[in-house]
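Right, one structure below, let's go through it.
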Amino acid sequence: MTLLEKMKAEFPDLTSNESLGYIMCGEVMVNGEKIVNPKFNVKNDVIIDLITKKFVSRGGLKLEEALSRWNIKCEGKVFLDAGSSTGGFTDALLQRGAAGVHSVDVGYNQLAYSLRKNPLVYVHEKTNIM
Numbered sequence: 172m173t174l175l176e177k178m179k180a181e182f183p184d185l186t187s188n189e190s191l192g193y194i195m196c197g198e199v200m201v202n203g204e205k206i207v208n209p210k211f212n213v214k215n216d217v218i219i220d221l222i223t224k225k226f227v228s229r230g231g232l233k234l235e236e237a238l239s240r241w242n243i244k245c246e247g248k249v250f251l252d253a254g255s256s257t258g259g260f261t262d263a264l265l266q267r268g269a270a271g272v273h274s275v276d277v278g279y280n281q282l283a284y285s286l287r288k289n290p291l292v293y294v295h296e297k298t299n300i301m
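If you're matching positions, the sequence shown starts at 172 in the numbering used here and goes up one per residue.
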């Protein structure tokens, strides 16, 4: 069976696209080895681990890379996360010392609970930034 098929069996709560994303982003270990090919053949008895998430969503990984590359300092500043969804950007900013983040989204109840209860996060749901 392929790694993607094995992921579907091992982690039924993940969608196919989520499983594919984890594999291709190098967040899946097969018997301790990082595999990034979803078509990689695996045996039924392999051990599959997801690398522990650093952020509530993969958006945090994207922002972390940009902040590092452009040497942007977050300490003591207040930010706006427009279209926050789960809050990956918000999470990344807080982990880099932001004094606060206004998380704005047109949706409702999407923001991760850990961020929702954080006193440094100002939640603006059902709000169109435009």
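Even for Gly, the Cβ is constructed at its ideal location relative to N, Cα and C.
Check	Outcome
Buried or exposed: Ser285, going by 16 or more other Cβ atoms within 10 Å of its Cβ?	exposed
If you run the structure through DSSP and keep just helix, strand and coil, what is Ile219?	strand
Taking the alpha-carbon of Pro290 as reference, which of Val275, Ser256, Ala270 has the nearest alpha-carbon?	Ala270
Taking the beta carbon of Asp262 as the centre, do at least 16 other beta carbons fall within 10 Å, making it buried, or is it exposed?	buried
What are the uninterrupted segments assigned as alpha helix (DSSP H) that are 4 or more residues long and contained completely in the stretch 205-281, given in chain order?	230-240, 259-266
Which one or two residues does DSSP pair with Tyr284 in a beta bridge?	Answer is none; Tyr284 lacks a bridge partner.
Among the candidates Glu189, Ile218, Val213, Lys210, whose CA atom is the shortest distance from the CA of Gly203?	Ile218
What does DSSP give as the partner residues of Thr298 in its beta bridges?	Beta-bridge pairing links Thr298 to no other residue.
When the Cα atoms are used, what is the spatial distance from Lys288 to Gly259?	15 Å
Going by C-alpha to C-alpha distance, which of Pro183, Thr298, Leu282, Tyr293 sits closest to Phe226?	Leu282
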